[in-house]
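Input: a single structure, listed below in structure tokens.
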Amino acid sequence: TQQVKDQNRESQRRSRARRLELINDLKNQVQDYQRRGASASLEMQRLAQAVTHENQRLRSLLSERGVSQEEIQQYLSSSPAALLKTPDVLYSHEPASFRCEACGSASVFREALPAVTIEKRADSCASSPQTAPGAPGSMASSCTSPETTYNGSSTAADAAASNLPSVSPTDDMETSCDTAASILVDLHHHVDPQRARAALGCKGSSSCTVSNIKIFQLLDNFPE
Numbered sequence: 233t234q235q236v237k238d239q240n241r242e243s244q245r246r247s248r249a250r251r252l253e254l255i256n257d258l259k260n261q262v263q264d265y266q267r268r269g270a271s272a273s274l275e276m277q278r279l280a281q282a283v284t285h286e287n288q289r290l291r292s293l294l295s296e297r298g299v300s301q302e303e304i305q306q307y308l309s310s311s312p313a314a315l316l317k318t319p320d321v322l323y324s325h326e327p328a329s330f331r332c333e334a335c336g337s338a339s340v341f342r343e344a345l346p347a348v349t350i351e352k353r354a355d356s357c358a359s360s361p362q363t364a365p366g367a368p369g370s371m372a373s374s375c376t377s378p379e380t381t382y383n384g385s386s387t388a389a390d391a392a393a394s395n396l397p398s399v400s401p402t403d404d405m406e407t408s409c410d411t412a413a414s415i416l417v418d419l420h421h422h423v424d425p426q427r428a429r430a431a432l433g434c435k436g437s438s439s440c441t442v443s444n445i446k447i448f449q450l451l452d453n454f455p456e
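Quick note: the sequence shown uses this note's numbering, first residue 233, plus one each step.
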């Protein structure tokens, strides 16, 4: 009858409108992820540059305190287990390194340097060979004169890294199973809500979420 035809046409119109709305929503989500990804990449590059600059300044300061670059590199290349066995080494975090996914650099270090204590040599004191903490093979004075203590840390890098935006794409790429089943029922008139939920992979009557990709697949080709 004409009434049934009109109802079918109206149902198809609503289905097409809802499908178009879903497609536009997905496009907006993809564009948003692309923008956030570019922003995160730029932030990662900025952090890598900041950490590299900080490490260079820390190395320069250690050099001024009498620690050679070879000793610094030897310390950084030492295993954390070996450092734990050395009673003179005091540090709050184990040294670590990471590869920057944005720029591909593998020379970016996030290390927590040990507390290095360097004693000033008094003119009236006789110095003798002594290993300074955190600087293997270096010479330190045995005089009990005022101390200069340097505590290296990666707090600046850690604080900046904590400000990186958190990206969770799974939350926005899923749709309620009830909404998805309603879309399928509107588009495929021979489908009832139970069949639609079963095709979406839903079990029982409890509400869940399904992937938008799965919904698109069923919109184009619903199993008979």
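Even for Gly, the Cβ is constructed at its ideal location relative to N, Cα and C.
Note the first and the last residue of the continuous alpha helix (DSSP H) segment covering residue i.
i, result
"residue 236", "234–296"
"residue 417", "409–419"
"residue 310", "Counting along the chain, residue 310 falls outside any alpha helix (DSSP H), and DSSP gives it neither H nor E."
Mind checking residue i: buried by the 16 CB within 10 Å criterion, or exposed?
i, result
"residue 247", "buried"
"residue 418", "buried"
"residue 287", "buried"
"residue 274", "exposed"
"residue 252", "exposed"
"residue 233", "exposed"
"residue 431", "buried"
"residue 299", "buried"
"residue 395", "Residue placement at residue 395 cannot be trusted, given a pLDDT of 49 that sits under 50; what the coordinates show is reported in the next sentence. So residue 395 counts as exposed."
"residue 283", "buried"
"residue 280", "buried"
"residue 442", "buried"
"residue 330", "Because residue 330 sits at a pLDDT of 48, beneath the cut-off of 50, its placement in the model cannot be relied upon, and the point is left open."
Name the DSSP beta bridge partners of residue i, please?
i, result
"residue 303", "None, per the DSSP bridge assignment."
"residue 423", "DSSP, once it has assigned bridges, lists no residue as partnering residue 423."
Leaving out five residues before and five after residue i in sequence, what residues of the same chain have Cβ atoms less than 7 Å from its Cβ?
i, result
"residue 428", "413, 416, 417"
"residue 496", "For residue 496 there is no data in the structure shown, the boundaries of the chain being 233 and 456."
"residue 258", "444"
"residue 235", "none"
"residue 410", "439"
"residue 436", "none"
For residue i, report the span of its beta strand (DSSP E) as first-last.
i, result
"residue 443", "441–443"
Could you name the residues of the same chain whose beta carbon sits closer than 8 Å to that of residue i, not counting the 5 residues immediately before and after it, in chain order?
i, result
"residue 291", "301, 304"
"residue 451", "251, 415, 416, 419"
"residue 243", "418, 421"
"residue 434", "409, 413, 440, 442"
Between which residues of its own chain and residue i is the CB-CB distance below 6 Å, once the five residues before and five after are set aside?
i, result
"residue 405", "444"
"residue 446", "none"
"residue 367", "The predicted model places residue 367 with a pLDDT of 44, which falls under 50 and marks its position as unreliable, so this point remains unresolved."
Give a yes or no on whether the minimum CB-CB distance between residue i and chain C is below 9 Å.
i, result
"residue 248", "The structure shown contains no chain C, having only a single protein chain."
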